[in-house]
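Position 323, counted from 1, in the sequence shown is what full-length UniProt numbering calls 323; the numbers after and before it change by one each time, with no gaps.
Single-structure report; data block below.
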Amino acid sequence: MGVVTAKRPVKPGPAPTAGQVKLTWQAKLRRDWPLLVMNLPMFLLVLAFWWIPALGNVIALQDYNPYTGGITGSPIIGFTNFALLFQDPQFLRAITNTLSITAFQLVFYFPVPIMLALLLNSIVSAKLRAFVQGVVYMPYFFSWVLVVAIFQQMFGGAGLLAQILRERGHEGVDWMTNSDTFILLITSQTIWKDAGWGAIIFLAALSTIDPNLYEAAAVDGARRWRRMWHITLPGLRPVIVLLLILRLGDALNVGFEQFMLQRSAVGSGASEVFDTFVYWEGLRTGDLGYGAAAGLFKGLIGLLLILAANRVAHAMGERGVYSRS
């Protein structure tokens, strides 16, 4: 007779959760088709006005002439346009000005919407808060032409401030034509125009913080500054990190219209940035391949900044712009 061996009972393992089950693409399609249909118009819009035109960046590698060869007939010259860029002192000046303005505004402009949101959130009266919000939001809807005109009337050589100083026996000032203080001028204009609108995102983030946390902290004896430091700012941190990453990705895009309007007043040495360089050296001269090379370089640097900042956000324990599942 053979020896009968009993099989060892197998312990059932934990049932796979929904997050551990890998669905096929057909199952995902059946599950998510309403969302895909809802996003289809936006996808077509991005495809038509962003992805397909982005293929035209190939002219950065060509001796492009739109009147003779076009994209298909212009000769390929490789990275010649990029090599010429880094030999152009005007391009190097544009890089220096753009990075300087970006760094300055990260320090002196980026915190302003956060502080403004905290101040607005602390106003008890709903009517007063709505009035203040309307006042600080309004400049966002002004064009840069109007903003520069208002600053000219206030701080120009014949502006209100200069007239008040002259009436009191002092020498008038003209900050609108001073290239040394141009970075302060454009940062002040940006704060006045955009800070109120930027505070909306932080106000929305403040509304998601549990009020019970404030009540519990107050019961424990925490004063207003302690509550802000230990509850409000940690609640805002994910939004702050996300917007900081997006701002770094947009670091080389400091604006076009604002600088073009004031270029003649302060000169190109202080106001030349990436966008104005592409306009003057690419569109105005007709050297579209050269301008496209500058624009492509700007986009690649912005992408690298986003990837680097997002990695730093992951190291800090934040989600960032995206995260791998």
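We put the beta carbon where it would ideally sit given N, CA and C, even for glycine.
Predicted model, so just to flag it, every value in this text is computed and none were measured.
DSSP state of residue i mapped onto helix, strand, coil
i: GLN62; result: strand
i: ILE76; result: strand
i: TYR67; result: coil
i: VAL312; result: helix
i: LYS298; result: helix
i: LEU44; result: helix
i: THR24; result: coil
i: GLY317; result: coil
i: ASP287; result: coil
i: ASP88; result: coil
Contact belief for residue i with residue j at Cβ below 8 Å, rounded distance in angstroms
i: residue 330; j: PRO139; result: Look at the range of the chain in this structure, 1 to 325, and you will see that residue 330 is not part of it.
i: VAL241; j: ALA315; result: Between ALA315 and VAL241 the Cβ distance is about 11 Å, and since that is not below 8 Å, they are no contact.
i: ARG319; j: PRO238; result: 7 Å
i: ILE71; j: ILE59; result: 6 Å
i: TYR67; j: LEU288; result: Not a contact, Cβ separation roughly 11 Å.
Whether residue i touches residue j by CB criterion (8 Å)
i: SER179; j: GLY267; result: yes
i: ALA195; j: VAL112; result: yes
i: ASN121; j: LEU206; result: yes
i: GLN62; j: ILE77; result: yes
i: residue 329; j: LEU236; result: Nothing can be reported for residue 329: it is not among the residues displayed for the chain, which extend from 1 to 325.
i: LEU160; j: GLN153; result: yes
i: TYR290; j: THR190; result: no
i: ALA294; j: PHE79; result: no
Cβ neighbours of residue i in the same chain (closer than 7 Å, five flanking residues each side left out)
i: residue 354; result: Residue 354 is absent from the structure shown; the chain starts at 1 and stops at 325.
i: ASN57; result: ALA292, LEU296
i: GLU257; result: TRP144
Nonlocal neighbours in the same chain, by C-beta distance under 8 Å from residue i, ignoring five residues either side
i: GLY269; result: ARG93, SER179
i: THR98; result: ALA251, LEU252, VAL254, VAL273, PHE274
Cβ neighbours of residue i in the same chain (closer than 6 Å, five flanking residues each side left out)
i: VAL321; result: ILE245, ASN310
i: PRO75; result: ASP63
Uninterrupted alpha helix (DSSP H) stretches inside the stretch 181-267 (no shorter than 4 residues): 182-207, 211-219, 224-227, 233-249, 257-266
Runs of alpha helix (DSSP H) wholly within the stretch 105-182 (minimum 4 residues, chain order): 111-121, 126-137, 144-155, 160-167
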